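Okay, so here's the structure we're looking at.
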Amino acid sequence: MTDISPLLLAMDLTGVFIFGLTGGTVAVRRQLDIFGVIVLSIVTALAGGLLRDLMIGAVPPASLRDDRYLIAALLSGLVAFFFHPQINRLVKPVMVLDAAGLGLFAVAGCGKALTYGLTPVPAVLLGVLTACGGGVVRDVLVAEVPRVLREEIYAMAALLAAVIVIAGAELGLPRTPVAIAAALAGFLLRVVSVWRGWSAPRAPGS
Amino acid sequence: MTDISPLLLAMDLTGVFIFGLTGGTVAVRRQLDIFGVIVLSIVTALAGGLLRDLMIGAVPPASLRDDRYLIAALLSGLVAFFFHPQINRLVKPVMVLDAAGLGLFAVAGCGKALTYGLTPVPAVLLGVLTACGGGVVRDVLVAEVPRVLREEIYAMAALLAAVIVIAGAELGLPRTPVAIAAALAGFLLRVVSVWRGWSAPRAPGS
Amino acid sequence: MTDISPLLLAMDLTGVFIFGLTGGTVAVRRQLDIFGVIVLSIVTALAGGLLRDLMIGAVPPASLRDDRYLIAALLSGLVAFFFHPQINRLVKPVMVLDAAGLGLFAVAGCGKALTYGLTPVPAVLLGVLTACGGGVVRDVLVAEVPRVLREEIYAMAALLAAVIVIAGAELGLPRTPVAIAAALAGFLLRVVSVWRGWSAPRAPGS
Chain A
1 MTDISPLLLA MDLTGVFIFG LTGGTVAVRR QLDIFGVIVL SIVTALAGGL LRDLMIGAVP
61 PASLRDDRYL IAALLSGLVA FFFHPQINRL VKPVMVLDAA GLGLFAVAGC GKALTYGLTP
121 VPAVLLGVLT ACGGGVVRDV LVAEVPRVLR EEIYAMAALL AAVIVIAGAE LGLPRTPVAI
181 AAALAGFLLR VVSVWRGWSA PRAPGS
Chain B
1 MTDISPLLLA MDLTGVFIFG LTGGTVAVRR QLDIFGVIVL SIVTALAGGL LRDLMIGAVP
61 PASLRDDRYL IAALLSGLVA FFFHPQINRL VKPVMVLDAA GLGLFAVAGC GKALTYGLTP
121 VPAVLLGVLT ACGGGVVRDV LVAEVPRVLR EEIYAMAALL AAVIVIAGAE LGLPRTPVAI
181 AAALAGFLLR VVSVWRGWSA PRAPGS
Chain C
1 MTDISPLLLA MDLTGVFIFG LTGGTVAVRR QLDIFGVIVL SIVTALAGGL LRDLMIGAVP
61 PASLRDDRYL IAALLSGLVA FFFHPQINRL VKPVMVLDAA GLGLFAVAGC GKALTYGLTP
121 VPAVLLGVLT ACGGGVVRDV LVAEVPRVLR EEIYAMAALL AAVIVIAGAE LGLPRTPVAI
181 AAALAGFLLR VVSVWRGWSA PRAPGS
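Residue numbers (full-length UniProt numbering), protein chains in the order written: chain A, 1 to 206; chain B, 1 to 206; chain C, 1 to 206.
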């Protein structure tokens with residue numbers, strides 16, 4: 001068992017809470033009852049990290065070894081259930097939070113993959129998977145095409161954050177400032193792309 | 001490799017057959033052909049246990065190491081295919097069977113997680129996952145929002161069964177009667193909740 | 001770590017490219033942007049093999065240990081994006097390619113499961129999973145009922161290829177010609193079944 005650093009843990013737990021909140025909010029909008037809300041919160045919060053841990057062989061996954069993950073996910077579901085009207089009035093803040101979760105998870109996922117000895121390209125892929133996996137499972141469970149496939153700059157923002165982590169590791173830069181810069185870069189790319197309405201090209205004649 | 005007890009194995013295999021039946025029945029209703037019915041039976045029957053085994057590091061999963069799992073799942077698909085009209089006239093018995101599978105899988109899943117050294121909270125989660133995972137995959141494959149998110153007391157019944165397993169283990173009670181009591185409790189909560197039309201609260205103003 | 005043979009690797013990589021192409025083509029038809037196309041290509045190309053590797057305990061999965069998998073998947077996404085009109089005029093060739101991928105993946109998946117010490121029945125199941133898994137994830141992500149459940153002879157063709165691999169291994173025949181014959185048989189069954197419009201029976205009174 002390889003332990004991750006306190007910084008990665010803090011990023012992971014913050015991301016868990018934020019993603020759980022987005023899952024719970026979607027569940028409330030779909031008029032699920034309190035159990036459905038909590039289930040969707042937990043799944044959205046933990047699926048990305050679970051998939052990553054399964055793939056790097058970190059079994060049982062961190063979220064099953066450390067109760068704080070599950071508690072953070074559960075809390076996010078309860079917050080989404082009880083403060084749903086307030087959250088919904090806050091469309092922009094929720095988008096901003098989601099972007100923060102995206103950056104944090106991409107960095108934590110990529111960093112953990114490196115810690116487990118993966119090479120750069122797969123580590124980047126796992127960063128993106130960690131960041132986008134929970135949202136994909138959330139959208140699939142409510143029978144929607146996942147946001148990561150529809151929204152312009154989403155996987156791209158996670159990709160940017162993961163690539164910065166790799167670049168920093170290759171250059172031998174100190175890990176903490178690189179992690180913070182990477183999460184910030186992913187976060188900013190996502191927020192600015194929504195704010196400016198950036199869109200990526202579609203296939204010619206599609 | 002840690003072997004599970006004969007009791008857990010019997011519970012697992014019974015649950016496999018029952019869940020395979022529910023998967024096959026859904027497939028017949030969707031007018032899938034015989035291969036589609038068998039595929040959906042197998043997936044519904046085995047997905048919950050597969051996910052559990054992947055997460056506790058029991059690899060290859062039990063259902064790939066012991067042919068009886070696959071045979072039970074296959075049989076359930078054939079039964080669903082050929083006896084579909086009879087099964088469909090039996091809406092209540094199918095619900096009751098499904099509730100039985102729910103209780104059995106929750107107990108088997110939670111018990112196996114404990115056997116593999118997981119702590120109580122994650123073991124409960126894995127019990128719920130084992131019980132609900134197959135049905136989730138089944139519903140996702142036919143493009144429906146999973147029952148576990150829509151139905152009032154479903155994950156809740158699995159949760160109850162798993163919590164009783166944990167409580168019994170913490171109190172040092174003998175495992176077999178605790179397992180039977182836990183499966184029964186989950187089963188009864190599910191059946192009674194359907195029978196009495198119990199519903200869980202929805203979010204205020206959702 | 002057990003290495004697979006060069007033949008299995010070549011089959012795997014060819015299958016990856018072909019399945020990535022089918023994923024990318026579906027994505028273009030759904031008017032996803034270039035990132036969505038690439039994500040769906042990668043997922044379709046790699047999901048089957050990833051699931052197989054997770055289940056046999058080959059962790060990290062081959063596609064995360066060997067950059068060529070990811071590169072092949074990425075390339076297929078770009079080809080689908082830029083040559084989509086040409087590909088779409090070629091409905092039949094795409095079906096034929098997909099059938100080829102089906103046969104190749106079934107053989108590679110079943111062979112790798114044997115290499116990792118699984119017994120015949122689970123090895124066959126993993127061959128089918130490897131062949132059909134990517135397409136299932138692709139269809140689920142665009143909110144469609146997976147082709148493997150709807151199309152007559154699809155899982156069946158993968159099953160045939162995997163069974164031939166097993167039969168060859170049991171009879172002690174040389175692996176390379178058996179692998180080629182098995183992939184061909186799966187491919188031909190699929191192509192002929194589409195060409196002749198073969199259909200499998202539906203449940204009586206469904």
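Here a beta-carbon is modelled for each residue, glycine too, at the ideal position from N, C-alpha and C.
Keep in mind the model is a prediction, meaning the values are calculated, not measured.
Partners in chain B for residue i, counting only beta-carbon separations shorter than 9 Å
i         : result
LEU54(A)  : LEU54 and MET55
SER199(C) : ASP33
LEU118(C) : PRO60, LEU64 and ARG65
Listed by chain order, chain C residues near residue i by CB distance under 8 Å
i         : result
GLU144(A) : ALA143
Chain B within 7 Å of residue i, Cβ atoms only
i         : result
MET95(C)  : no
LEU149(C) : yes
VAL107(A) : no
VAL39(A)  : yes
Pairwise C-alpha distance: residue j and residue i
i         : j         : result
ASN88(B)  : THR115(B) : 38 Å
LEU74(B)  : VAL191(C) : 26 Å
VAL96(A)  : GLY117(B) : 39 Å
ASP66(B)  : GLY20(A)  : 37 Å
PHE82(B)  : PRO201(C) : 11 Å
TYR69(A)  : VAL16(A)  : 7 Å
LEU51(C)  : ALA106(C) : 13 Å
LEU9(B)   : ALA72(B)  : 12 Å
ILE153(C) : GLY186(C) : 10 Å
ALA62(C)  : PRO122(A) : 10 Å
PRO177(A) : ALA99(A)  : 19 Å
ALA27(A)  : VAL26(C)  : 28 Å
LEU104(A) : GLY197(A) : 23 Å
MET11(B)  : LEU32(A)  : 31 Å
PRO146(C) : GLY168(B) : 42 Å
ARG29(C)  : PRO85(C)  : 10 Å
SER41(B)  : VAL91(B)  : 18 Å
VAL165(A) : ARG175(A) : 8 Å
SER199(C) : VAL148(C) : 13 Å
PRO6(A)   : CYS132(B) : 33 Å
LEU126(B) : VAL43(A)  : 12 Å
GLU144(A) : ILE34(B)  : 28 Å
LEU13(C)  : VAL163(B) : 46 Å
PRO93(C)  : VAL124(A) : 34 Å
Listed by chain order, chain A residues near residue i by CB distance under 7 Å
i         : result
VAL140(C) : VAL140
MET156(B) : PHE35
For residue i, the residue or residues it bridges with in DSSP
i         : result
ARG202(C) : ASP33(B)
Residue i at chain C interface by Cβ criterion, 7 Å
i         : result
ARG196(A) : no
VAL124(A) : no
VAL121(A) : yes
Contact set between residue i and chain B, taken where Cβ atoms lie within less than 8 Å
i        : result
PHE81(A) : ALA203
Chain B residues whose Cβ lies nearer than 7 Å to that of residue i
i         : result
GLU152(C) : ASP33
Within chain A, partners of residue i - CB distance below 8 Å
i        : result
LEU70(C) : VAL121, PRO122 and LEU125
- Counting pairs of beta carbons, one from the stretch 150-161 of chain B and one from the stretch 143-158 of chain C, are three or more of them closer than 8 Å? No: the two stretches stay apart, fewer than three of their Cβ pairs being nearer than 8 Å.
- Task: Assess, as a yes-or-no matter, whether the stretch 75-86 of chain A is touched by the stretch 50-64 of chain A under the definition of 3 or more beta carbon pairs within less than 8 Å.
- Result: Result no; under three Cβ-Cβ pairs closer than 8 Å.
- Is the number of C-beta pairs between the stretch 39-54 of chain A and the stretch 121-140 of chain A that are closer than 8 Å three or more? At 8 Å Cβ cutoff, the stretches touch.
- Tell me, please, whether the stretch 176-183 of chain B touches the stretch 104-112 of chain B by the rule of three or more beta-carbon pairs shorter than 8 Å. Short answer: they touch.
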